[in-house]
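Student: Let me begin by handing over the structure; questions about it come next.
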Amino acid sequence: MFNAILLNKNEDGTTDATLTQIDDAQLPAEGDVTVRVDYSTINYKDGLAITGKSPVVRKWPMVPGIDGAGEVLASSHPDWKAGDAFVLNGWGVGEVHMGCLAQRAKLKGDWLIRRPEAISARHAMAIGTAGYTAMLCAIALQERGVHKDSGEILVTGASGGVGSVAIAILSGWGYRVIASTGKTAEADYLKALGAVDVIDRAELSAPGKPLQKERWAGVVDAVGSHTLVNALAQTRYGGAVAACGLAQGLDLPGSVAPFILRGVSLLGIDSVMAPKEKRIAAWDRLAADLPVAKIERITEEIGLADALSKAQDIIQGKIRGRLVVDVNR
Ligand code: NDP
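For the sequence shown, the numbering used here gives the first residue as 743, with consecutive numbering after it.
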């Protein structure tokens, strides 16, 4: 038996989340690698799954936890053997396949990547899907021709997981990063991560004109809705916006004006089904370019039982930075 968070669907459609014990027989038969999870995380999506606020979970009962890091215990997959260190992000784990907010998981070898040597299991989970997505956004902007001397970069949802790591990455690469946040009291935190200035997210969250004063060479947007539309409307000629999140909303209530009059690019970023080469490239750059000290500064460590209350907090926008879960405490 081992400890796990288990989600069940109540008759009224709400989600029942408990810390309990399960055994190997309850893990999914389709996994070909059994792993010992050392650390997991709470991402925004885990918050949605545990609270039941959105229909993230599509198979019941479910162990949540879209991220995991630890060691392989047993494998029938040719690429993996007992003792190998792995990182897992996404692929529907914690949504349709039992996840990593547990001491053990049974996963598909094709989903796992080797944990870079420079990154411990705890550090990998402090980065988590949020940090790996921030890196996908940063790489996408670079590949689209947004360079450090192109101009200012806006990061929205700045005090959250994606936002915090995006600031750390881009400022580390020499970009001038402006952080948009609802927590203006966190200005010192955001500047310590590398933001040169902080703006109040209220400047971006209400409906605005289709084209506004050109300011941003690039944008990392974790917020969606009017914020994304305004960010597009303020992006300079030829600039690019990497869109990965929906903290304000799933809607996109805007116009095509920035695309057809300023040649602005909207870059969609998905971490869940991203191909393996993209993941490996992103993790290699996280290992090389993101100082451990910066990630430590934004990380709070919690135990498995705390995951239940912290899930509520992340949905209410109360979390700053990243939550790493030690599943053994
Ligand atoms: P967090 O909860 O850590 O951060 C989200 C941040 O958004 C909050 O800290 C807050 O920052 C801001 N925010 C919250 N509510 C609102 C609101 N109503 N209006 C405007 N801003 C708001 O989540 P993550 O950083 O982990 O994830 C951010 C988003 O990215 C989520 O929507 C998540 O689902 C998505 N995501 C998508 C991925 C993908 O593959 N595309 C992968 C990972 C995440 P502040 O207080 O500083 O304004």
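Glycine included, each C-beta is placed from N, C-alpha and C at the ideal position.
How should Ala973 be labelled, buried or exposed, when 16 other C-beta atoms within 10 angstroms of its C-beta is the threshold for buried?
Tutor: It is buried - the Cβ of Ala973 has at least 16 other Cβ atoms within 10 Å.
Student: Please work out which residues of its chain come closer than 6 Å, Cβ to Cβ, to Val1069, disregarding the five sequence neighbours upstream and downstream, and give them in chain order.
Tutor: Taken in chain order, the residues that qualify are Val779, Ser782, Gln845, Leu1046.
Student: Under 9 Å, do Val1067 and Ile1044 count as touching if we go by C-beta distance?
Tutor: In this structure, Ile1044 lies closer than 9 Å to Val1067 by Cβ.
Student: For the putative contact between Val1014 and Val983, defined by C-beta atoms under 8 Å, what is the C-beta separation to the nearest angstrom?
Tutor: Their Cβ separation, rounded to whole angstroms, is 20 Å, which puts Val1014 and Val983 out of contact at 8 Å.
Student: From this set, Lys933, Ala791, His968, which residue's C-alpha is nearest Gly991's C-alpha?
Tutor: Out of Lys933, Ala791, His968, His968 has the C-alpha closest to the C-alpha of Gly991.
Student: Below 7 Å CB to CB, which residues in the same chain sit around Thr776 once its five sequence neighbours on both sides are set aside?
Tutor: Only Leu815, Ala816, Arg846, Lys848 meet the Cβ criterion.
Student: Between which two residues does the alpha helix (DSSP H) containing Tyr874 stretch?
Tutor: Looking at the DSSP string, the run of the alpha helix (DSSP H) that includes Tyr874 is 863-885.
Student: Please state whether DSSP places Leu946 in a helix, a strand or coil.
Tutor: In this structure, Leu946 counts as helix in the three-state DSSP scheme.
Student: Going by Cα to Cα distance, which pick from Val940, Gln763, Asp852, Gly755 is closest to Leu748?
Tutor: The candidate whose alpha carbon is nearest that of Leu748 is Gln763.
Student: Are there any heavy atoms of the ligand NDP lying less than 8 Å away from the beta-carbon of Asp930, as far as the coordinates show?
Tutor: No; taking the cut-off as 8 Å, the Cβ of Asp930 has no heavy atom of the ligand NDP nearer than that.
Student: Touch check for the segment 850-864 and the segment 782-792: three-plus C-beta pairs under 8 Å?
Tutor: Too few Cβ pairs lie closer than 8 Å, so no.
Student: Does the segment 870-880 come into contact with the segment 1015-1025, if we say contact requires no fewer than three beta-carbon pairs (one atom in each stretch) closer than 8 Å?
Tutor: Because the criterion of three Cβ pairs below 8 Å is met, the segment 870-880 and the segment 1015-1025 touch.
Student: What would DSSP say about Ser913, mapped onto helix, strand or coil?
Tutor: In this structure, Ser913 counts as helix in the three-state DSSP scheme.
Student: Threshold first: 3 residues or longer. Then list the beta strand (DSSP E) segments lying entirely within the segment 1000-1039, N to C.
Tutor: With a minimum length of 3 residues, the continuous beta strand (DSSP E) runs that stay inside the segment 1000-1039 are 1007-1010.
Student: Establish whether the CB of Arg1062 and some CB of chain B are separated by less than 9 Å.
Tutor: Looking for chain B here will not work: only one protein chain is present.
Student: Ends of the alpha helix (DSSP H) at Gly789?
Tutor: First-last of the alpha helix (DSSP H) with Gly789: 786-793.
Student: So the candidates are Arg1062, Val1006, Asp758, Asp852; which of them puts its Cα closest to the Cα of Val799?
Tutor: Among Arg1062, Val1006, Asp758, Asp852, the Cα nearest to that of Val799 belongs to Asp758.
Student: With 16 as the cutoff for other CB atoms within 10 Å, does Gly924 come out buried or exposed?
Tutor: Its Cβ being crowded by 16 or more others within 10 Å, Gly924 is buried.
Student: Should Ile909 be labelled buried (16 or more other beta-carbon atoms within 10 Å of its own) or exposed?
Tutor: It counts as buried.
Student: Any heavy atom of the ligand NDP inside 8 Å of the beta-carbon of Cys986?
Tutor: Yes; taking the cut-off as 8 Å, the Cβ of Cys986 has a heavy atom of the ligand NDP nearer than that.
Student: Under the DSSP definition of a beta bridge, which residues are partnered with Leu953?
Tutor: None; Leu953 has no bridge partner.
Student: Less than 9 Å separating the beta-carbons of Trp958 and Gly914?
Tutor: For Trp958 and Gly914, no; Cβs fall outside 9 Å.
Student: Please report the distance separating the alpha-carbon of His839 from that of Ala1035.
Tutor: The straight-line gap from Cα to Cα measures roughly 33 Å.
Student: Just how far apart, CA to CA, sit Lys795 and Val805?
Tutor: So the two alpha carbons sit approximately 16 Å from each other.
Student: Reducing DSSP to helix, strand and coil, say where Glu928 ends up.
Tutor: Note: Glu928 maps to helix in three-state DSSP.
Student: Determine the burial state of Tyr979: buried for a count of at least 16 other Cβ atoms within 10 Å of its Cβ, exposed for fewer.
Tutor: Classification for Tyr979: exposed.
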